[in-house]
Amino acid sequence: MARGKKHTQKNTTTIGPETSMLPEDYTIASIESSSLESIFTLPNPSTTNDTLPNNNCNEDEGDEDDEHRHDKSYEYLTDAITDVCDLPTEKRSKVRLMALKAAFKALTCHATCQESWLLVEHRMSDIVHACVWSVLKSSKATEQYAACRCLEAMSVVLGSNEEEFVEEVMDSLMKAVKATGKDGQVRSAALRALSMSLFVCSSSGSSSTLFVMGLCVEVCRERWRGEDVVPYLR
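For the sequence shown, our numbering gives the first residue as 34, with consecutive numbering after it.
See below:
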């Protein structure tokens, strides 16, 4: 008697193969990057200007120091954005991951003025394209997670009335949230980035907000699409 073939249901929402599961306490700070520490540590004037007598400096010197800090921050932000936009053509996973971590730190620590905001807005589509590529195409959960965190940070930097940004990230982040084959930390980061983009950047479209709220309720149940949901996603 012929033995019937065992039917295996294929998960059509899985986007990209997973190689490892991220721990529950994983954050973007967990990415080892000793080489970035010197890049993103700005000099402390109280320690570098130790030749000033009695630590007294006039207003002009203070202004020069502030201007130097501003220039360095803007330079770091510019370099980080340039590197992260090259992700789709970069073949080395480690380099892509370091670029994403650098971009996250630049967006959260160095995009602090109007000039920085203009730069992020000008390169918005390029940054989104690179991050979305990492979320949907990369086979590494670490890269997918870091890319989601960059998109989350971008929503804060861009601020309100940025409907174009919401439109560019919404569909891709929803795919990542729904992809049950993805790492739970990645899905959680994608859901957070999606929620932040709507909460901060959207000025209209209450239907989209309600839809995402409904999605949150669905994917954060104890079981969803026949699978147990990890606690940190709920």
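By construction, the Cβ of each residue, glycine as well, lies at the ideal position given by its N, Cα and C atoms.
Here the structure is a predicted model, which means the values were calculated and not measured.
- Based on Cα-Cα distance, which residue from Gln147, Arg125, Leu184 and Thr175 lies nearest to Leu55? Working through the sequence shown from its first residue, we reach residue 55 at position 22. With distances taken between Cα atoms, Leu55 lies closest to Thr175.
- Item | Distance between Ala180 and Lys211 (C-alpha atoms, nearest Å) | Locating residue 211 in the sequence shown gives position 178, counting from the first residue. Locating residue 180 in the sequence shown gives position 147, counting from the first residue. So the two alpha carbons sit approximately 17 Å from each other.
- Message: Quick check: what's the CA-CA separation for Ser106 versus Ala209?
- Response: Counted from its first residue, the sequence shown places residue 106 at position 73. Counted from its first residue, the sequence shown places residue 209 at position 176. Taking the straight line joining both Cα atoms gives about 32 Å.
- Message: What would DSSP say about Leu55, mapped onto helix, strand or coil?
- Response: Counting from 1 along the sequence shown, the entry for residue 55 is found at position 22. DSSP places Leu55 in coil when its eight states are reduced to three.
- Query: Looking at the unbroken alpha helix (DSSP H) that takes in His143, where does it start and where does it end?
  - Reply: As a first step, residue 143 is located in the sequence shown; it is residue number 110 there, counting from the start. His143 -> no alpha helix (DSSP H), and no H or E assigned at all.
- What separation, rounded to the nearest whole angstrom, lies between the Cα atoms of Val202 and Leu248? As a position in the sequence shown, residue 202 is number 169, starting the count at 1. As a position in the sequence shown, residue 248 is number 215, starting the count at 1. Their Cα atoms are separated by approximately 16 Å.
- Three CB pairs or more closer than 8 Å across the region 184-204 and the region 229-236: Segments in contact, yes.
- Within its chain, find whatever has a CB closer than 6 Å to the CB of Glu123; leave out the 5 residues flanking it on each side and keep chain order. Your numbering for residue 123 matches position 90 in the sequence shown. Counting only Cβ-Cβ distances below 6 Å, and skipping sequence neighbours, we find Arg129.
- Query: Using CA coordinates, which residue listed in Met157, Lys127 and Pro121 is at the minimum distance from Thr111?
  - Reply: By 1-based counting over the sequence shown, the position of residue 111 is 78. Thr111 has its Cα closest to that of Met157, out of Met157, Lys127 and Pro121.
- Task: May I have a chain-ordered list of the alpha helix (DSSP H) segments no shorter than 4 residues that lie completely inside the region 171-236?
- Result: 174-191, 196-211 and 217-229
- Task: Figure out for me which residue from Ala139, Ser241, Trp166 and His103 has the closest Cα to the Cα of Ile114.
- Result: Here residue 114 corresponds to residue number 81 of the sequence shown, with the count starting at 1. The candidate whose alpha carbon is nearest that of Ile114 is Ala139.
- Own chain partners of Asn82 with C-beta closer than 6 Å, once the 5 adjacent residues on each side are dropped: Within the sequence shown, residue 82 is the residue found at index 49, counting from 1. With a pLDDT of only 36 at Asn82, under 50, the local geometry of the prediction cannot be trusted, and no value is derived from it.
- With distances taken between CB atoms, is the gap from His155 to Tyr109 smaller than 8 Å? For the purposes of this step, residue 155 is taken as residue 122 along the sequence shown, with counting starting at 1. For the purposes of this step, residue 109 is taken as residue 76 along the sequence shown, with counting starting at 1. For His155 and Tyr109, no; Cβs fall outside 8 Å.
- Message: Assuming contact is defined by CB atoms lying nearer than 8 Å, are Leu206 and Val153 in contact in what I supplied?
- Response: The residue given as residue 206 occupies position 173 in the sequence shown. The residue given as residue 153 occupies position 120 in the sequence shown. No, Cβ-Cβ distance for Leu206 and Val153 is not below 8 Å.
- Task: State the Cα-Cα distance for the pair Ser126 and Asp204, rounded to the nearest angstrom.
- Result: For this step, residue 126 is matched to residue 93 along the sequence shown. For this step, residue 204 is matched to residue 171 along the sequence shown. Going by the C-alpha atoms only, they are around 25 Å apart.
- Query: Cα separation between Arg220 and Phe137?
  - Reply: In the sequence shown, residue 220 corresponds to position 187, counting from 1. In the sequence shown, residue 137 corresponds to position 104, counting from 1. In a straight line, the C-alpha of Arg220 is about 18 Å away from that of Phe137.
- Between Cys270 and Glu195, is the Cβ-Cβ spacing less than 8 Å? With the chain running from 34 to 267 in the structure shown, residue 270 is simply not present.
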